[in-house]
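Protein chains in written order, with the working numbering: chain A, 4 to 115; chain B, 202 to 315.
Virtual Cβ for every residue (Gly too), placed ideally from N, Cα, C.
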């Protein structure tokens, strides 16, 4: 039972344009959401997060949007840069539970 | 430098030969966890530990053991590896605190079981 889903295994975007990565979840107890970025031969690194009490969180070029009624979140990267090419994982956690449940990942390729 | 260190980074072994993947963190984190990454399945939790001598199963614990005798170390033990344990393994750690649980990951250990 995949509680966190990333339905697009891959995405290609032109440099300078907006990249939008999507994530859906099924567990209504999730209250904290994170995005991790992973380069080849490296471990995932934390990118940005959002609490369920918010619907948007912004950090530089990265913005995460949360739609609780739709159980959907998205990561926007503007403008996209070649260094953004990586695999992006969405993750979720419920209150009082330290465990992070990860999605299957989306491979983002930025085309110069 | 604050980090999670895993060893070995790459290992090829044969079915049934016991192996241990070590994990060490230098951030004084209470929480440590092991994940495996497989194509199309993302990152799945194997075991986790909330503190010394406190461990519990994650989503896919079968065939694995762990121990937490010291705060900084959390080794993953495969007593009798099988080919379905061929995977990319990540150790991760974090503080236990309300709010954000931001895991710091190691660089990964790629294991092949023949």
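Neighbouring residues, chain A, relative to residue i (Cβ below 8 Å)
i, result
"residue 251 (chain B)", "101"
"residue 232 (chain B)", "101"
"residue 307 (chain B)", "46"
"residue 303 (chain B)", "37, 49, 52"
"residue 297 (chain B)", "101"
Closest by C-alpha distance to residue i, when choosing among the options
i, options, result
"residue 267 (chain B)", "B:234, B:244, B:297, B:240", "B:234"
"residue 79 (chain A)", "A:18, A:109, A:102, A:64", "A:64"
"residue 271 (chain B)", "B:214, B:210, B:232", "B:232"
"residue 210 (chain B)", "A:44, A:115, A:107", "A:44"
"residue 307 (chain B)", "A:112, A:86, A:10, A:47", "A:47"
"residue 273 (chain B)", "B:315, B:236, B:207, B:229", "B:229"
"residue 264 (chain B)", "B:281, B:252, B:295", "B:281"
"residue 112 (chain A)", "A:93, A:86, A:58", "A:86"
Proximity of residue i and residue j at Cβ, strictly below 8 Å
i, j, result
"residue 243 (chain B)", "residue 105 (chain A)", "yes"
"residue 51 (chain A)", "residue 38 (chain A)", "yes"
"residue 81 (chain A)", "residue 110 (chain A)", "no"
"residue 205 (chain B)", "residue 305 (chain B)", "yes"
"residue 41 (chain A)", "residue 249 (chain B)", "no"
"residue 219 (chain B)", "residue 279 (chain B)", "yes"
Listed by chain order, chain B residues near residue i by CB distance under 7 Å
i, result
"residue 105 (chain A)", "243, 244"
"residue 92 (chain A)", "243, 244"
"residue 108 (chain A)", "243"
Pairwise C-alpha distance: residue j and residue i
i, j, result
"residue 30 (chain A)", "residue 277 (chain B)", "29 Å"
"residue 223 (chain B)", "residue 290 (chain B)", "11 Å"
"residue 21 (chain A)", "residue 69 (chain A)", "18 Å"
"residue 284 (chain B)", "residue 227 (chain B)", "32 Å"
"residue 310 (chain B)", "residue 55 (chain A)", "33 Å"
"residue 254 (chain B)", "residue 221 (chain B)", "18 Å"
"residue 6 (chain A)", "residue 202 (chain B)", "34 Å"
"residue 2 (chain A)", "residue 84 (chain A)", "Given that chain A is displayed from residue 4 to residue 115, the structure contains no residue 2 (chain A) and the question cannot be resolved."
"residue 15 (chain A)", "residue 217 (chain B)", "42 Å"
For residue i, the residue or residues it bridges with in DSSP
i, result
"residue 233 (chain B)", "B:250, B:294"
"residue 17 (chain A)", "A:114"
"residue 317 (chain B)", "Nothing can be reported for residue 317 (chain B): it is not among the residues displayed for chain B, which extend from 202 to 315."
"residue 243 (chain B)", "B:239"
"residue 222 (chain B)", "B:277"
"residue 78 (chain A)", "A:24, A:67"
"residue 212 (chain B)", "B:312"
"residue 261 (chain B)", "DSSP lists no partner for residue 261 (chain B)."
Partners in chain A for residue i, counting only beta-carbon separations shorter than 7 Å
i, result
"residue 275 (chain B)", "Going along chain A, no residue has its Cβ under 7 Å from residue 275 (chain B), so there is no contact; the nearest lies around 14 Å."
Amino acids of chain B, ordered along the chain, whose beta-carbon sits closer than 8 Å to that of residue i
i, result
"residue 63 (chain A)", "Result: empty, since nearest Cβ-Cβ is about 17 Å, beyond 8 Å."
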